[in-house]
Amino acid sequence: MPESVLFWIMGPLAVVAALGMLLVKKAVHSALLLAWVMITLAFFYIAQGALFLGIVQIVVYTGAVMMLFLFILMLVGVDASDSLTETIRGLRPIAITAAIGFGGLMVSLIGRATLGRESVGLDQANAAGNVEGLAYQLFSTYVFPFEAVSALLITAAMGAMVLAHHQREVPRSTQRDLSEQRFRSGSLATAAGLPGPGVFARHNAVDVPALLPDGTPAPASISETLRTRGDMIDSSQFQLDQVNTEVTEEK
Amino acid sequence: MNPTNYLYISALLFTIGAIGVVVRRNAIVVFMCIELMLNAANLSFVTFARMNGNLDGQVVAFFTMVVAACEVVVGLAIIVTIYRSRRSASVDDASLLRR
Numbered sequence: 003m004p005e006s007v008l009f010w011i012m013g014p015l016a017v018v019a020a021l022g023m024l025l026v027k028k029a030v031h032s033a034l035l036l037a038w039v040m041i042t043l044a045f046f047y048i049a050q051g052a053l054f055l056g057i058v059q060i061v062v063y064t065g066a067v068m069m070l071f072l073f074i075l076m077l078v079g080v081d082a083s084d085s086l087t088e089t090i091r092g093l094r095p096i097a098i099t100a101a102i103g104f105g106g107l108m109v110s111l112i113g114r115a116t117l118g119r120e121s122v123g124l125d126q127a128n129a130a131g132n133v134e135g136l137a138y139q140l141f142s143t144y145v146f147p148f149e150a151v152s153a154l155l156i157t158a159a160m161g162a163m164v165l166a167h168h169q170r171e172v173p174r175s176t177q178r179d180l181s182e183q184r185f186r187s188g189s190l191a192t193a194a195g196l197p198g199p200g201v202f203a204r205h206n207a208v209d210v211p212a213l214l215p216d217g218t219p220a221p222a223s224i225s226e227t228l229r230t231r232g233d234m235i236d237s238s239q240f241q242l243d244q245v246n247t248e249v250t251e252e253k
Numbered sequence: 121m122n123p124t125n126y127l128y129i130s131a132l133l134f135t136i137g138a139i140g141v142v143v144r145r146n147a148i149v150v151f152m153c154i155e156l157m158l159n160a161a162n163l164s165f166v167t168f169a170r171m172n173g174n175l176d177g178q179v180v181a182f183f184t185m186v187v188a189a190c191e192v193v194v195g196l197a198i199i200v201t202i203y204r205s206r207r208s209a210s211v212d213d214a215s216l217l218r219r
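If you read the protein sequences in the order shown, they are chains A and B.
Whatever position you read off the first sequence (first residue = 1), add 2 for the numbering used here.
Whatever position you read off the second sequence (first residue = 1), add 120 for the numbering used here.
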């Protein structure tokens, strides 16, 4: 009875979260919904007597794999949202029709197929403990697949290292090279380096453009990232004639 | 409770994952949908283990998890490599071989 309560609460939530994965625009939201589906599956595993797999599901999937996904998302750019317009014409109706057909086939198949006997349950198989039973299976019947899988893991780690390895093709430019480049390209205005941010004596945070001698702000004094993100404060409010010179007494 | 209900959930999750692989275009989201399909298959394995009363299904589900972990490691490395050279993680942009 508690299991069916768990099932009828968590099951629909898992399906809704999985559907949400398809519909949300941002990849981060998809990742969070997938993490929820995986936690739900961990509950299902534990409810079905697969204690070890339930814990491994949480540790490996929601812990390691989803962390890796989020890490790559941070690397690629969290804000890079997927445009939901279809590029191949008619792909979406075809995909959904095919999926409904496939899902209907699976569901009707499961509904009609019978095992030929009652579900046995794992009470007997788990009698010596689920972890002990799994370990016995793993190191007796399945010992060769186990070794093969360990070889696969090592190969995958090596492959990822090779793929992520990045060899520099041109030598790193030295300070001298950079200096020559500054003098030879463009105007001499920036040859001595860009102006630093901040209105001196009033405000020198990195998000405030410096004021030029004629009183106009210099956007080049701000980091490119802050400028594109729009995280700039108007520097004219720190000009001396704009500032309220009355000092309020602080307690 | 009848364990068959878990099989229905598993079939639904697998189908949803399959739609996602076809419809979504961000390579990372496509990858997550593949993970969803693998997880759905795992749920089936665990349910069958319970129905048959032995632990073989759970061992197979365990192997699936390891293979899925390998797949994620290599796949994400490929995505990062593609992103590094083309500044995009969309599966439609990586069509250099077609031209």
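Every residue gets a Cβ at the ideal spot worked out from N, C-alpha and C, and that includes glycine.
is_contact[residue i, chain A] using C-beta, thresh 7 Å
{"i": "Thr135(B)", "result": "yes"}
{"i": "Arg206(B)", "result": "no"}
{"i": "Val211(B)", "result": "no"}
{"i": "Phe168(B)", "result": "no"}
{"i": "Met152(B)", "result": "yes"}
{"i": "Leu138(B)", "result": "First, the amino acid is wrong: residue 138(B) is Ala here, not Leu. For Ala138(B), the answer is yes, since a Cβ of chain A falls inside 7 Å of its Cβ."}
{"i": "Leu217(B)", "result": "no"}
{"i": "Met171(B)", "result": "yes"}
{"i": "Phe165(B)", "result": "no"}
{"i": "Ile129(B)", "result": "yes"}
{"i": "Thr201(B)", "result": "yes"}
{"i": "Ala197(B)", "result": "yes"}
{"i": "Met157(B)", "result": "no"}
{"i": "Ala181(B)", "result": "yes"}
{"i": "Val141(B)", "result": "no"}
Own chain residues within Cβ distance below 6 Å of residue i, not counting five before or after
{"i": "Ala20(A)", "result": "Val39"}
{"i": "Gly56(A)", "result": "Ala44, Tyr47 and Ile48"}
{"i": "Leu154(A)", "result": "none"}
{"i": "Pro123(B)", "result": "Thr167, Arg170 and Met171"}
Close Cβ partners of residue i (< 8 Å) along its chain, the five nearest in sequence each way excluded
{"i": "Ser210(B)", "result": "Arg145, Asn146 and Ala147"}
{"i": "Phe151(B)", "result": "Val192, Gly195, Leu196 and Ile199"}
Per-residue burial, residue i [other beta carbons within 10 Å of its own, 16 or more giving buried]
{"i": "Ala188(B)", "result": "buried"}
{"i": "Ser130(B)", "result": "buried"}
{"i": "Gln59(A)", "result": "buried"}
{"i": "Arg170(B)", "result": "buried"}
{"i": "Gly137(B)", "result": "buried"}
{"i": "Leu36(A)", "result": "buried"}
{"i": "Ser110(A)", "result": "exposed"}
{"i": "Pro219(A)", "result": "buried"}
{"i": "Gly103(A)", "result": "exposed"}
{"i": "Leu117(A)", "result": "exposed"}
{"i": "Asn128(A)", "result": "buried"}
Residue-chain proximity (residue i, chain B), Cβ-Cβ < 7 Å
{"i": "Met160(A)", "result": "no"}
{"i": "Leu15(A)", "result": "no"}
{"i": "Val30(A)", "result": "no"}
{"i": "Leu139(A)", "result": "According to the sequence shown, residue 139(A) is Gln rather than Leu. Cβ-Cβ to chain B under 7 Å: yes for Gln139(A)."}
{"i": "Thr218(A)", "result": "no"}
{"i": "Thr89(A)", "result": "yes"}
{"i": "Ala153(A)", "result": "no"}
{"i": "Leu124(A)", "result": "yes"}
{"i": "Arg94(A)", "result": "yes"}
{"i": "Leu228(A)", "result": "no"}
{"i": "Met76(A)", "result": "no"}
{"i": "Gly105(A)", "result": "yes"}
{"i": "Ile41(A)", "result": "no"}
{"i": "Met12(A)", "result": "no"}
{"i": "Gly135(A)", "result": "yes"}
{"i": "Ala101(A)", "result": "yes"}
For residue i, the first and last residue of its enclosing alpha helix (DSSP H)
{"i": "Arg94(A)", "result": "Leu93 to Arg114"}
{"i": "Met12(A)", "result": "Pro4 to Leu25"}
{"i": "Met121(B)", "result": "It is not in any alpha helix (DSSP H) - Met121(B) carries neither H nor E in the DSSP assignment."}
{"i": "Leu70(A)", "result": "Met68 to Val78"}
{"i": "Ser205(B)", "result": "Asp176 to Arg206"}
{"i": "Ile148(B)", "result": "Ala147 to Asn172"}
{"i": "Ile48(A)", "result": "Ala29 to Ala49"}
{"i": "Ile57(A)", "result": "Leu53 to Val58"}
Spatial neighbours of residue i in its chain, beta-carbon cut-off 7 Å, leaving aside the 5 residues before and after
{"i": "Ala100(A)", "result": "none"}
{"i": "Asn174(B)", "result": "none"}
{"i": "Asp213(B)", "result": "Arg206"}
{"i": "Leu15(A)", "result": "Thr42"}
> Residue ranges of each alpha helix (DSSP H) run of no fewer than 4 residues wholly in the segment 117 to 179 of chain A, ordered along the chain?
Replying inline: If we require 4 residues or more, the alpha helix (DSSP H) runs fully inside the segment 117 to 179 of chain A come out as 132 to 142 and 145 to 166.
>> To test your reading of the DSSP string, which unbroken alpha helix (DSSP H) runs of 4 or more residues are found completely within the segment 178 to 239 of chain A?
In response: 226 to 231
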